[in-house]
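Inspection log for the structure reproduced underneath, given as structure tokens.
In my numbering, the protein residues as written are 16 to 184.
Listed below in structure tokens is the structure:
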């Protein structure tokens, strides 16, 4: 009976220790949701721009579309990299939890393995956030540039489009 009590106490202790990595998994899952949504929207935008290229365009408008498509391709690559890195980080967290339980059940010292997995996991997660940040920066820069070009494509005598600083009364 003593052995069963010790095992349950030990397992409870390992569960306590593994709660933090489980919360880390939840955070990584949230990041993956954001990244996959951004990737999907970027792909949709690139498809709509590719369809717009088929229409007759001025040279300036075509160059603007080509620049935006190039920026979208960079964003897609960065989002894909961030998703791959975040997924790798999540897998390492899972391996960390497996190592915690395996080490306890087999009575092995896995402290170096757990520490190593955690350090590598955090490093890869930092890279994922870095790729995400770059993707957001490119999206913001592209949006600013497209707004400037949208203003230039509007006709100066176009009465259907009110100037930006005039609000309807």
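Here a beta-carbon is modelled for each residue, glycine too, at the ideal position from N, C-alpha and C.
* Quick one: measure Cβ to Cβ for residue 151 and residue 107, integer angstroms, because I've assumed they're closer than 8 Å. => As a first step, residue 151 must be located in the chain shown, where it is residue number 136. As a first step, residue 107 must be located in the chain shown, where it is residue number 92. With a Cβ gap of about 24 Å, residue 151 and residue 107 do not count as contacting.
* Does the beta-carbon of residue 83 have 16 or more other beta-carbons within 10 angstroms, so that it is buried, or is it exposed? -> For the purposes of this step, residue 83 is identified with residue 68 of the chain shown, where counting begins at 1. Answer is buried; the Cβ neighbour count reaches 16.
* Cβ distance (whole Å) where residue 43 is taken to contact residue 110 below 8 Å -> Sequence index remark: in the chain shown, residue 43 carries index 28 (1-based). Sequence index remark: in the chain shown, residue 110 carries index 95 (1-based). The Cβ separation is near 13 Å, so there is no contact.
* Measure how close the beta-carbons of residue 80 and residue 67 come, nearest whole angstrom, since I'm counting them as under 8 Å. => What you label residue 80 is simply residue 65 of the chain shown in a count that begins at 1. What you label residue 67 is simply residue 52 of the chain shown in a count that begins at 1. Right, the Cβ-Cβ distance comes to about 6 Å (below 8 Å), so this counts as a contact.
* To the nearest angstrom, report how far apart residue 162 and residue 64 are at their CA atoms. => By 1-based counting over the chain shown, the position of residue 162 is 147. By 1-based counting over the chain shown, the position of residue 64 is 49. Distance between the alpha carbons of residue 162 and residue 64 is about 15 Å.
* Beta-carbon separation (whole angstroms), residue 97 vs residue 50, contact threshold 8 Å -> In the chain shown, counting from the first residue as 1, residue 97 sits at position 82. In the chain shown, counting from the first residue as 1, residue 50 sits at position 35. Between residue 50 and residue 97 the Cβ distance is about 5 Å, and since that is below 8 Å, they are a contact.
* Taking residue 47 and residue 101 to be in contact with their CB atoms under 8 Å, please state how far apart those CB atoms are, rounded to whole angstroms. => Against the chain shown, residue 47 aligns to sequence position 32. Against the chain shown, residue 101 aligns to sequence position 86. Confirmed, Cβ separation roughly 5 Å.
* Where does residue 36 sit, in a helix, a strand or coil, going by DSSP? -> Numbered from 1 along the chain shown, position 21 holds the residue referred to as residue 36. It is helical.
* Asked: Closer than 6 Å: is that where the CB of residue 71 sits relative to any heavy atom of the ligand NAD?
  -> Only the bare structure without any ligand can be found here, which leaves the ligand NAD out of the picture.
* Asked: How would you call residue 143, buried or exposed, if buried means at least 16 neighbouring beta carbons within 10 angstroms?
  -> Taking the chain shown and counting its residues from 1, one reaches residue 143 at position 128. So residue 143 ends up on the buried side.
* Beta carbon of residue 33, beta carbon of residue 153: below 7 Å? -> Within the chain shown, residue 33 is the residue found at index 18, counting from 1. Within the chain shown, residue 153 is the residue found at index 138, counting from 1. It is not a contact, given that the beta carbons lie outside the stated cut-off.
* Asked: Between 132, 104, 89 and 115, which lies nearest to residue 53 when the distance is taken from Cα to Cα?
  -> In the chain shown, counting from the first residue as 1, residue 53 sits at position 38. For the residues 132, 104, 89 and 115, the minimum Cα distance to residue 53 belongs to 89.
* Burial state of residue 147, where buried means 16 or more other Cβ atoms lie within 10 Å -> Mapped onto the chain shown, residue 147 falls at position 132. Under this definition residue 147 is a buried residue.
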